[in-house]
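**Student:**
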């Protein structure tokens, strides 16, 4: 009786490995090597082993890299103000030739409606810095299996935009001399916390803003990213509707406040589309590669146990040696009809 109790306690104390695709084979290899492999350790440190979601410090590292990359583009843009103004004037002439120069009309109309102008200022200075982080956190917590692809789409979009800011600095409409635009954010800066010199930058933080990052519009790209995810994954209908309207509202605000051109918004959306395709291809490739490695591994016990079931380490080797149970045959007796 004591031996049976000790045996039961021993089985309960065995470590458990999740057997999904190739989990048993990895467990067997790890045990044979005397512990987890180096790849297992890095995977455990960088990702949640249950669902593959990156851990928090990986996200912080990505944000720091993007921040310093943005700082680098700002430093370069400060030394090319004349070039940025010429680029903005050239883009405006192209839009005029194509009949797409709607920014000045929107800007003058908004200036004649002060209440709406102040509301647009708050929209521009707030939602870009609130909605996007909120969607990132919400997706990370509530939809972890969709998070990795969406995160890489956002990161790729931001990196591509930063490269364009560095290579082709462009002044927004509000900074074009003699173009007739009103800098709405500067005009109503006494109504909020934003600076009168650097658009949405808070007072005292003017030096952190890149004034010549008009093309492509990061505001519009991030807004479309948020809108698509909210429209797809939000539980309540009114949130999905707001998500669908958010990109269009952002495009109106950035043009009416003279912070972006129409083609800036279009370019931002195209960059996001490219990034989404690239992120999808990347995640599909990594999934396919993991599946190929799992198929090539000797995963005999996993087939007997079933995917997703926890298996004690001893059982990984034991189940492979257990003989298959004999198949019992049943004899059916059919009563004779009289």
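Residue numbers (my numbering): 8 to 345.
Note that CB positions come from ideal geometry on N, CA and C, so glycine has one too.
Give the C-beta separation of residue 279 and residue 164 to the nearest angstrom, bearing in mind that I take them to be a contact with Cβ-Cβ under 8 Å.
**Tutor:** Going by Cβ atoms, the distance from residue 279 to residue 164 rounds to 5 Å, so yes, they are a contact pair.
**Student:** According to DSSP, is residue 255 helix, strand or coil?
**Tutor:** Residue 255 falls in the helix class under three-state DSSP.
**Student:** Identify the residues that DSSP records as bridge partners of residue 177: which are they?
**Tutor:** In DSSP, residue 177 forms a bridge with 220.
**Student:** Taking the C-alpha atoms as reference points, what is the distance between residue 151 and residue 70?
**Tutor:** Taking the straight line joining both Cα atoms gives about 18 Å.
**Student:** To the nearest angstrom, report how far apart residue 149 and residue 185 are at their CA atoms.
**Tutor:** Using only the alpha carbons, I get a separation of about 50 Å.
**Student:** In or out: residue 160 buried (at least 16 other Cβ within 10 Å) or exposed?
**Tutor:** Looking at its Cβ environment, which holds 16 or more other Cβ atoms inside 10 Å, residue 160 is buried.
**Student:** I believe residue 268 touches residue 99 by the beta-carbon criterion, under 8 Å. Please report the beta-carbon distance rounded to the nearest angstrom.
**Tutor:** Confirmed, about 7 Å.
**Student:** By alpha-carbon positions, which one of 293, 73, 88 and 115 ends up nearest to residue 175?
**Tutor:** Nearest of 293, 73, 88 and 115 to residue 175, Cα basis: 88.
**Student:** Give me the Cα-Cα distance between residue 201 and residue 291, rounded to the nearest whole angstrom.
**Tutor:** Cα-Cα distance, rounded: 42 Å.
**Student:** Is the CB-CB distance between residue 263 and residue 128 below 8 Å?
**Tutor:** No, they are not a contact pair.
**Student:** Between which residues of its own chain and residue 108 is the CB-CB distance below 6 Å, once the five residues before and five after are set aside?
**Tutor:** Counting only Cβ-Cβ distances below 6 Å, and skipping sequence neighbours, we find 102.
**Student:** Quick one: grab the DSSP three-state call for residue 25.
**Tutor:** Low local confidence applies: a pLDDT of 38 at residue 25 is under 50, so the model's placement there is unreliable, with the coordinate-based value given in what follows. Note: residue 25 maps to strand in three-state DSSP.
**Student:** For residue 140 and residue 236, I'd like the C-alpha separation in whole angstroms.
**Tutor:** One C-alpha to the other measures close to 13 Å.
**Student:** Exposed or buried, residue 117, counting other C-beta atoms within 10 Å across all chains shown (16 or more means buried)?
**Tutor:** Looking at its Cβ environment, which holds 16 or more other Cβ atoms inside 10 Å, residue 117 is buried.
**Student:** How big is the Cα-Cα spacing for residue 135 and residue 230?
**Tutor:** For residue 135 and residue 230, the distance between alpha carbons rounds to 7 Å.
**Student:** Given a cut-off of 8 Å, decide if residue 114 and residue 179 are closer than it, judged by their beta-carbon atoms.
**Tutor:** Cβ atoms of residue 179 and residue 114: not closer than 8 Å.
**Student:** In the structure shown, what three-state DSSP assignment does residue 130 receive?
**Tutor:** It is helical.
**Student:** Please report the straight-line C-alpha distance between residue 256 and residue 275, rounded to a whole angstrom.
**Tutor:** Each residue's alpha carbon lies about 15 Å from the other.
**Student:** Might you give, ordered along the chain, the residues of its own chain that have their beta carbon closer than 8 Å to the beta carbon of residue 261, omitting 5 neighbours on each side?
**Tutor:** Within the same chain, residue 261 has close Cβ partners 131, 224, 226, 227, 267, 271 and 272.
**Student:** Give the straight-line distance between the Cα atoms of residue 234 and residue 249, rounded to the nearest whole angstrom.
**Tutor:** So the two alpha carbons sit approximately 8 Å from each other.
**Student:** Rounded to a whole number of angstroms, what is the C-alpha to C-alpha distance between residue 283 and residue 146?
**Tutor:** Each residue's alpha carbon lies about 16 Å from the other.
**Student:** Leaving aside the five residues before and after residue 246 along the sequence, list all residues of the same chain whose C-beta is less than 8 Å from its C-beta, in chain order.
**Tutor:** Cβ within range, chain order: 237.
**Student:** Just to confirm, is the Cβ distance from residue 195 to residue 125 under 8 Å?
**Tutor:** Result yes, Cβ atoms of residue 195 and residue 125 sit closer than 8 Å.
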